[in-house]
Amino acid sequence: MEYKQIQELIKAINKSNISELKIEEGDFKITIKQQATVSETQFVALQAPAMNTLPQVQAAPPQATISAPVPSATTPAPAAAPSGNTIIIKSPMIGTFYRSPSPDKPPFINVGDDINPGDVICIIEAMKLFNEIESEFSGRVVRVLADDASPVEYDQPLFEIEKK
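As structure tokens, then:
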């Protein structure tokens, strides 16, 4: 069975009410299981022959819902609500946040630095492209809210800036 055929089967099962599908063709066996909730589906590929190896695709089991985030040493402090004179610069995309142009170079901006519109304040790497993020206003850096070389989400707070 071709990889594209398996992908089509997964899509078809995802759209249907089928909870489990087993296919056996000679030495090739595949089992695709869908959990009861439509939003979370689990797929399992088993016992592919050696010459026809297929990647195993398996969704993680559902996690227990946590009501409050647990702070850790590697997690940046949550962004407090900015005071009336500060503004939060948020990530315009999903990617990896870098404070400097390369590991051996100094950061673009540090706490206490003044910034102006058009100044590069960080880089976000997305899909192997390095996107320079520029400031849209003038101000002074109050806090850096993301760790260097860490993944960031869309709209995640990166910097707190005191407006001029």
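Position one of the sequence shown corresponds to residue 1354 (the working numbering), numbered consecutively onward.
Ideal placement from N, C-alpha and C gives every residue a C-beta, glycine not left out.
Computed from a predicted model, the values in this text were never measured in an experiment.
Given that a residue counts as buried once 16 or more other Cβ atoms are within 10 Å of its Cβ, and exposed if not, what is residue i?
i     : result
I1442 : buried
L1482 : exposed
T1514 : The sequence shown places Ile at residue 1514, rather than the Thr named in the question. I1514 should be labelled buried.
A1365 : exposed
Please state if the CB of residue j and the CB of residue i are separated by a distance shorter than 8 angstroms.
i     : j     : result
P1460 : S1453 : yes
I1468 : I1462 : yes
K1386 : S1372 : yes
Do you know whose CA, among the options, lies nearest residue i's CA?
i     : options                       : result
D1501 : K1386, I1385, T1449 and I1376 : T1449
V1494 : D1508, Q1509, D1466 and P1470 : D1466
E1487 : A1479, L1498, A1499 and I1474 : I1474
F1490 : F1483, D1508 and K1517        : K1517
I1447 : T1384, D1508, E1377 and N1367 : D1508
V1464 : E1377, P1470 and F1512        : F1512
N1438 : E1485, G1492 and S1455        : G1492
Q1358 : I1376, D1472 and E1506        : I1376
G1471 : A1479, P1504, M1480 and E1485 : E1485
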